[in-house]
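In this note's numbering, the protein residues as written are 1 to 351.
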């Protein structure tokens with residue numbers, strides 16, 4: 001019997017409401033019997049990408065719409081035997097499901113395949129992940145009263161799922177490499193832990209994948225704000241030091257001087273926006289010690305206000321914030337640094 005007709009007999013489809021559990025007119029078959037049937041269908045469709053993709057989608061809809069109590073109902077009256085059969089059935093069907101996204105085999109350990117042989121792998125792996133997520137989510141919903149048995153199910157299917165994740169780790173590395181600045185930074189908390197785990201892997205080739213991920217993250221993530229945290233470890237900020245120690249140049253001065261040098265030479269609007277977003281934090285950290293850099297801060301300030309940054313004008317707004325914070329800390333020196341204040345030039349640029 002085809003899986004689609006089986007779903008129709010069970011009245012389980014994606015159109016069923018989550019608030020109303022389906023009530024089929026015929027009694028539901030035992031879950032172990034259905035899982036055995038699904039296993040045969042998945043094994044038969046493993047060599048056909050189009051057929052397996054359609055079948056995996058139907059399996060996902062089944063796991064999404066079925067009653068969680070039915071998915072966790074052992075057949076045998078003996079609870080120990082019934083749960084053992086259920087664990088074995090789920091482990092078999094999940095192994096068959098993962099087999100639909102298996103990597104193509106090489107002739108030997110030394111040879112490799114063309115890139116065309118892996119074209120259907122990412123889409124198949126994504127479909128399998130969706131089906132597994134739907135099943136595990138239903139287990140979590142229906143396993144509240146039977147937490148021990150549900151935990152046993154999860155432990156039984158954990159080995160093939162773990163091997164599936166490790167096998168397709170290169171897919172994650174590939175998609176990470178496709179995301180560049182500035183879109184990478186918001187997802188950094190979710191992307192950094194897997195990269196660190198890969199970096200600590202026992203296989204050297206996987207360690208190299210982790211290094212590649214970390215290198216890509218470093219290249220596409222602004223590090224100017226991170227430097228502020230590192231400087232706090234090395235020394236006290238000039239804004240919180242005593243009047244005698246704040247007069248001595250420190251590492252904060254070196255970093256701010258380097259940032260201003262790069263800002264003066266930068267012509268790309270996207271990078272200017274990154275620099276402009278970080279500069280107010282550095283000025284606030286320097287405090288009154290920013291007086292040592294007034295001349296260069298003024299040049300950068302006027303230069304960035306001259307260039308438009310549509311549509312939000314982020315660079316200009318940040319530079320006005322720099323002017324505000326500089327005036328807050330160094331207002332006695334603004335009038336006599338060059339014999340005039342930058343106020344008129346700023347007003348001309350804004351008008």
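Think of the CB as a built atom: it goes at the ideal place given N, C-alpha and C, for glycine as much as any other residue. Note that this is a predicted model, so its numbers are computed, not measured.
Query	Result
Between the alpha carbons of residue 23 and residue 65, how many angstroms are there, rounded?	Reliability of the predicted coordinates at residue 23 is poor, the pLDDT of 48 falling under 50, and the value obtained from them is presented with this limitation in mind. Distance between the alpha carbons of residue 23 and residue 65 is about 12 Å.
Report buried or exposed for residue 92, applying the criterion of at least 16 other Cβ atoms within 10 angstroms of its Cβ.	buried
In this structure, how does DSSP classify residue 24 when only helix, strand and coil are distinguished?	Reliability fails at residue 24, whose pLDDT of 47 lies under 50, so the model's placement of it is uncertain and no value is given.
Can the beta-carbon of residue 56 be found closer than 8 Å to that of residue 154?	no
Put residue 220 into one of helix, strand or coil per three-state DSSP.	coil
Classify residue 32 as buried or exposed, calling it buried when 16 or more other Cβ atoms lie within 10 Å of its own Cβ.	buried
When the Cα of residue 159 is compared with those of 273, 95 and 203, which residue comes out closest?	95
Measure how close the beta-carbons of residue 274 and residue 330 come, nearest whole angstrom, since I'm counting them as under 8 Å.	About 24 Å; that fails the 8 Å criterion.
What's the gap between the Cα of residue 221 and the Cα of residue 256?	19 Å
Measuring CB to CB, does residue 193 end up less than 8 Å from residue 172?	no
Run the CB neighbour count on residue 304, radius 10 Å, all protein chains shown included, and call it buried at 16 or more, exposed below.	buried
Consult DSSP for residue 72 and reduce its assignment to one of helix, strand or coil.	coil
Less than 8 Å between the CB atoms is what I'm expecting for residue 63 and residue 126, so what's the real figure, rounded?	Going by Cβ atoms, the distance from residue 63 to residue 126 rounds to 16 Å, so no, they are not a contact pair.
Give the DSSP-derived three-state secondary structure of residue 308 in the structure shown.	coil
Taking the alpha-carbon of residue 312 as reference, which of 283, 277 and 188 has the nearest alpha-carbon?	277
What is the DSSP secondary structure of residue 103, reduced to helix, strand or coil?	coil
Would you report the Cα separation of residue 285 and residue 207, rounded to the nearest angstrom?	38 Å
Rounded to the nearest angstrom, what separates residue 86 and residue 71 at their Cα positions?	9 Å
If the criterion is Cβ atoms closer than 8 Å, does the pair residue 100 and residue 156 meet it?	no
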